[in-house]
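In what follows, a single structure is set out as structure tokens and then discussed.
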Amino acid sequence: MIGPIPLSHVLLASGALFAIGVAGALLRRNAIQIFLSIELMMNAANLALIGYGAALGTQQGQIIVFFVIAIAAAEASVGLAIFVAIFRHTETIDVNKINLLKW
Amino acid sequence: MERLIFDAAALVAIVFAGLMVAGRDPIKSVLALAVSFFALAVTYVLLLAPFIAALQIIVYAGAILVLFLFLIMLLNVGPERPDGVRRPVQTFLGSLSVVVFAGLLLGMLRASGARLPGQPEAVAADALPDPKALGRLLFSDYLLHFEAVSVLLLAALVGAFVLARRENAQ
Amino acid sequence: MTETFVSFTRADLAAIAPEIALVATGCLILLLEAFAPRLRRWFATVALAGVAASLWFLVQAPGGTTFGGRYETSSLTVLMGLFLGATAVVAILVAKPYLERTGEERGEFYALLLWGHTGVMLMTRGLDLLIVFIGLETLSLAFYVLAGFFRRVSASSEAGLKYFLTGAFGSAFTLYGIALLFGASAGTRFEDLSRPGLADSTAVTFGLLLLLVGFGFKMSLAPFHAWAPDVYQGMPTPAVAYLSVAPKGASVLVLFRVFGAVFEHGMPDRFRTGVAALAIFSMTLGNVVALAQRDAKRLLAYSGIAQMGYVTIALAVFGRDALAAVLVYFFAYLVSNAGAFAAVSALYPDETKPHPVGLLAGAGRTAPFPSAVLALCLFSLAGIPATAGFIGKFFLFKAALEQGLYALAVIGVLNSLVSIGYYLKVVYILYMREPIEGEAPPPLAPADRLALALCGAGILILGIFPASLWAIARQAAATLPLTGP
Chain H
1 MIGPIPLSHV LLASGALFAI GVAGALLRRN AIQIFLSIEL MMNAANLALI GYGAALGTQQ
61 GQIIVFFVIA IAAAEASVGL AIFVAIFRHT ETIDVNKINL LKW
Chain S
1 MERLIFDAAA LVAIVFAGLM VAGRDPIKSV LALAVSFFAL AVTYVLLLAP FIAALQIIVY
61 AGAILVLFLF LIMLLNVGPE RPDGVRRPVQ TFLGSLSVVV FAGLLLGMLR ASGARLPGQP
121 EAVAADALPD PKALGRLLFS DYLLHFEAVS VLLLAALVGA FVLARRENAQ
Chain W
1 MTETFVSFTR ADLAAIAPEI ALVATGCLIL LLEAFAPRLR RWFATVALAG VAASLWFLVQ
61 APGGTTFGGR YETSSLTVLM GLFLGATAVV AILVAKPYLE RTGEERGEFY ALLLWGHTGV
121 MLMTRGLDLL IVFIGLETLS LAFYVLAGFF RRVSASSEAG LKYFLTGAFG SAFTLYGIAL
181 LFGASAGTRF EDLSRPGLAD STAVTFGLLL LLVGFGFKMS LAPFHAWAPD VYQGMPTPAV
241 AYLSVAPKGA SVLVLFRVFG AVFEHGMPDR FRTGVAALAI FSMTLGNVVA LAQRDAKRLL
301 AYSGIAQMGY VTIALAVFGR DALAAVLVYF FAYLVSNAGA FAAVSALYPD ETKPHPVGLL
361 AGAGRTAPFP SAVLALCLFS LAGIPATAGF IGKFFLFKAA LEQGLYALAV IGVLNSLVSI
421 GYYLKVVYIL YMREPIEGEA PPPLAPADRL ALALCGAGIL ILGIFPASLW AIARQAAATL
481 PLTGP
């Protein structure tokens, strides 16, 4: 229990978000939506970290999330720069035309 | 009451995450994800992490997702059109792996949630919202991490510059 | 009342001096690029000096842990640091003539390489999951950019995109694994993971599996390998020479540390079976698909997937000798694989085009030295006796046999036999075919010559006198609290 909130609810929500993120990353063929799905997976991990931290009575969970947010921001900046570079290159703005060999 | 709000917020986060994944229009996807992140911020407040909730809104929803929106509009990315190519094997394999994975993950989390080692009955006093303690922890136990992240941010900064600057800049 | 809570001691400074040297050198090169671009031809030398300074600081650093038990300096980290530093040296030596030929010599390349190298150092020395994750991300961000460094070349940009998406996907798995392990151990340090009862917990097992998936992506272990051939093909070859060696070694060490902390009393059989299955799948898939490859860099990518399968055998064997075998294996892999990429870089005239193996026809006559080193590297990768690769495989399979994992060792040996097929095919093309008119290899630059000579000498020295490295590796492996022989 975290106050009145049971930890199992937190973990179930986090697991559901992670699974949705994995589904999106695997099934979408649009680079932007794949990356959004990956962001969702990281957020699912953040929710689990904060839930565990609160249940364990430690602030370390929040510290980890603090660093993860910094890393996610850095990753987003590099990722979007890569998207810009490849769009500029292929001279198409249609992300679907980038042939990602996914399987 | 808190439990009810938590469940409602978590449900909103999950539903909008689903909309994000299912939508064909990238702009709608980003907006759905923003709603999902706001709902997550609500759950963070209820889980005694108001500082992270603020960061979630300022950095995730405020900076990262707005950057995405900006990029989509800059590059004028339209909705995804069905390209007419069906990939039945890949879709099947992808869906199968996702279903198996989701089942495993949810089952495992449900099973393990009940028996956490050293799980307290109530919230411990030092876990109450206290940014001061957070800062203290950040600059004592996690000092090395803080320094390491600065290298990461530097690399990301220079990297983004290398990739996005114009070819004729030399 | 002012109270100091930032505790940063002299010992802490000495411990991270190697990393500071690398980061500072990167910054210096970047500033020179901005304000004194005429000094460009000295950038590689500056970068080499930075790596050398970092190694010197690493050897000088007093042993023990710093930053509250979160950072380690020991014979193990020094040995790993030497391995990583040597990889960086080869990559920089190859990069200089390569970038000059392509007209892309810019300071950012060396700076990002050095910062990525810093990330790998953090991975090998950190005793804390979060440090490892930050190091991993630093490495990844730097190399996403290096993969897409040739923005004029479509394949390079695409390599950047593919590496970024798969890399970020893998990182998310790693992060969720860290979250589960944190929930079970209430901390991020490896020593928190050795609390009793954790090894049987479902959440911990699942967290370890997620970590294995995340690092599997970084190691290009099948079935998480799909990015490797495309990325290797499009990425600048010197960056591939580093990426295909150093991060893999660091990832394996991290997995050894985490498993060692959780499984204090030996690895459970169920888990061992899973890891062994991963090893067999990766070896077999890598070797079989490599037989059909026509592009030199793709061939080396699939060969790398197979080689990581062999390394995963050691993870299944799990024990002190297995870790020592992995250390020896990675030194052998460094000289053979980085050497092979160095030779590929020196043998192909146009870097921006694909690298078909057929173009190497007759190179044994037109470019005798790089061809000879390439052949030597391929022999070593195949595990022919008297080369470094043979020694690496010998200790790995020996560790598996001593642990009673006969099937794994036999499958490994059979796979090595299959791999000889495609390695020898390249050697055959090098020496038995007539040279193609007008497709001469570029003139050999002094830096290339040095890198090739170092790798070739390393293969022979390790292959003929392996005893001292084995003794050092065994001693280094003893610093990890692993069970077993």
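Chains H, S and W, in that order, give the protein sequences.
For the first sequence, counting from 1, position 93 maps to 93 in my numbering; every step adds exactly one.
For the second sequence, counting from 1, position 159 maps to 159 in my numbering; every step adds exactly one.
For the third sequence, counting from 1, position 32 maps to 32 in my numbering; every step adds exactly one.
Every residue gets a Cβ at the ideal spot worked out from N, C-alpha and C, and that includes glycine.
Worksheet entry | Interface positions of the segment 131-149 of chain W facing chain S (Cβ-Cβ less than 8 Å), listed along the chain | Cβ contacts with chain S come from I131, I134, G135, E137, T138, L141, A142, Y144, V145, G148, F149.
Worksheet item: Should A81 (chain H) be flagged as near chain S, meaning a C-beta pair shorter than 8 Å?
Response: Yes - at least one Cβ of chain S is within 8 Å of the one on A81 (chain H).
Worksheet item: With a CB to CB cut of under 8 Å and the five nearest residues on each side skipped, what residues in its chain are close to A114 (chain S)?
Response: Unreliable placement is indicated for A114 (chain S), whose pLDDT of 45 sits below 50; the coordinate value is still reported in the next sentence. Cβ neighbours of A114 (chain S) within its own chain (closer than 8 Å, five residues either side excluded): none.
Worksheet item: How big is the Cα-Cα spacing for T138 (chain W) and Q59 (chain H)?
Response: Using only the alpha carbons, I get a separation of about 24 Å.
Discussion item. According to DSSP, simplified to helix, strand and coil, what is G266 (chain W)?
Written reply: Under the three-state reduction of DSSP, G266 (chain W) is assigned to coil, being neither helix nor strand.
Item to complete: Closer than 7 Å by C-beta to I313 (chain W): which residues in its own chain qualify, once you throw out the five before and the five after it? Chain order, please.
Response: Its chain contains A279, L396, A400, L408, G412 as the residues whose beta carbon lies nearer than 7 Å to that of I313 (chain W), once the 5 sequence neighbours on both sides are disregarded; these appear in chain order.
Worksheet item: When Cβ atoms are compared, which residues of the segment 155-170 of chain W fall closer than 8 Å to chain S?
Response: Flagged, chain order: G160.
Practice prompt. Can you have a look at N76 (chain S) and say buried or exposed, based on whether 16 or more other CB atoms are within 10 angstroms of its CB?
Written response: With fewer than 16 other Cβ atoms inside 10 Å of its own Cβ, N76 (chain S) counts as exposed.
Discussion item. For T66 (chain W) and A13 (chain H), I'd like the C-alpha separation in whole angstroms.
Written reply: Inter-residue distance for T66 (chain W) and A13 (chain H) is about 38 Å (C-alpha atoms, whole angstroms).
Worksheet item: Should G187 (chain W) be flagged as near chain H, meaning a C-beta pair shorter than 8 Å?
Response: Yes - at least one Cβ of chain H is within 8 Å of the one on G187 (chain W).
Worksheet item: Checking contacts by CB at 8 Å: is L175 (chain W) closer than that to chain H?
Response: So, interface residue.
Worksheet item: Along the chain, where does the beta strand (DSSP E) that runs through Y71 (chain W) open and close?
Response: From DSSP, the beta strand (DSSP E) with Y71 (chain W) extends over 71-73.
Worksheet item: Is the distance from the Cβ of L48 (chain S) to the Cβ of A54 (chain H) below 8 Å?
Response: L48 (chain S) places its beta carbon less than 8 Å from that of A54 (chain H).
Practice prompt. Enumerate in chain order the residues of its own chain whose CB-to-CB distance from G23 (chain S) is below 8 Å, with the five nearest sequence positions on each side excluded.
Written response: These residues qualify, in order along the chain: S29, A32.
Worksheet item: Considering only C-alpha positions, which residue in the set H:V22, H:A25, H:I34, H:L47 is nearest to L180 (chain W)?
Response: Of H:V22, H:A25, H:I34, H:L47, the residue nearest in Cα terms is H:L47.
Discussion item. Less than 8 Å between CB atoms is the rule here; does L48 (chain S) satisfy it with respect to chain H?
Written reply: Output row for L48 (chain S): interface = yes.
Fill in: Own chain residues within Cβ distance below 7 Å of A17 (chain W), not counting five before or after
In its chain, beyond the 5 residues on either side, F57, A61 have a beta carbon closer than 7 Å to the beta carbon of A17 (chain W).
Discussion item. DSSP three-state label for R320 (chain W), please.
Written reply: Residue state, collapsed to three classes: helix.
Item to complete: Report the partner residues of R189 (chain W) according to the DSSP bridge assignment.
Response: W:D128.
Practice prompt. Could you tell me if the beta carbon of F109 (chain W) falls within a distance shorter than 7 Å of some heavy atom in the ligand ADP?
Written response: The ligand content of the structure shown is nil, which means the ligand ADP is not present either.
Worksheet item: To which residues of the same chain is M490 (chain W) closer than 7 Å at the C-beta, ignoring the five residues directly before and after it?
Response: Here chain W comprises residues numbered 1 to 485, so residue 490 (chain W) is not present and cannot be evaluated.
Discussion item. So, for A39 (chain S): in the same chain, excluding its five sequence neighbours on each side, which residues have a beta-carbon less than 6 Å away from its beta-carbon?
Written reply: The residues are A9, V12, A13.
Fill in: Residue from W:A367, W:A290, W:E402 with nearest C-alpha to L381 (chain W)
Considering only alpha carbons, the answer is W:A290.
Item to complete: In the DSSP assignment, find the unbroken beta strand (DSSP E) run with G528 (chain W) in it and report its ends.
Response: Outside the displayed range of chain W (1 to 485) lies residue 528 (chain W), so it cannot be described from this structure.
Worksheet item: Is I384 (chain W) helix, strand or coil when you go by DSSP?
Response: DSSP places I384 (chain W) in the coil class of the three-state scheme, outside both helix and strand.
Item to complete: Would you kindly report the start and end of the unbroken alpha helix (DSSP H) that includes L59 (chain S)?
Response: Before going on, a small fix: residue 59 (chain S) reads as Val here, not Leu. It is not in any alpha helix (DSSP H) - V59 (chain S) carries neither H nor E in the DSSP assignment.
Worksheet entry | Closer than 8 Å to chain H by CB, P466 (chain W) | Closer than 8 Å: no.
Fill in: Between the CA atoms of V240 (chain W) and K297 (chain W) - distance to the nearest angstrom
Rounded to the nearest angstrom, the two C-alpha atoms are 9 Å apart.
Worksheet item: Along chain S, which residues have their Cβ under 9 Å away from the Cβ of W470 (chain W)?
Response: Chain S residues near W470 (chain W): none, gap ~33 Å exceeds 9 Å.
Fill in: Residue-level contact to chain H via CB, A172 (chain W), 8 Å cutoff
Yes, its Cβ sits closer than 8 Å to a Cβ of chain H.
Worksheet item: Do S156 (chain W) and G167 (chain W) have their C-beta atoms closer together than 8 Å?
Response: 8 Å or more divides the Cβ of S156 (chain W) from the Cβ of G167 (chain W).
Discussion item. Count Cβ pairs between the segment 153-163 of chain S and the segment 111-123 of chain W that sit closer than 8 Å; are there 3 or more?
Written reply: By the Cβ criterion, the segment 153-163 of chain S is in contact with the segment 111-123 of chain W, since at least three pairs of Cβ atoms, one from each stretch, lie closer than 8 Å.
Discussion item. Does the CB of F66 (chain H) have a neighbour CB from chain W at under 8 Å?
Written reply: Not one chain W Cβ lies under 8 Å of F66 (chain H).
Fill in: Euclidean distance between Cα positions of P97 (chain W) and S54 (chain W)
Approximately 24 Å, taken between the alpha carbons.
Worksheet item: What does E108 (chain W) touch in chain S if you count any residue whose Cβ is under 9 Å from its own?
Response: Going along chain S in sequence order, the residues near E108 (chain W) (Cβ under 9 Å) are V158, G159, F161, V162.
Worksheet item: CB I135 (chain H) to CB Q62 (chain H), shorter than 8 Å?
Response: Outside the displayed range of chain H (1 to 103) lies residue 135 (chain H), so it cannot be described from this structure.
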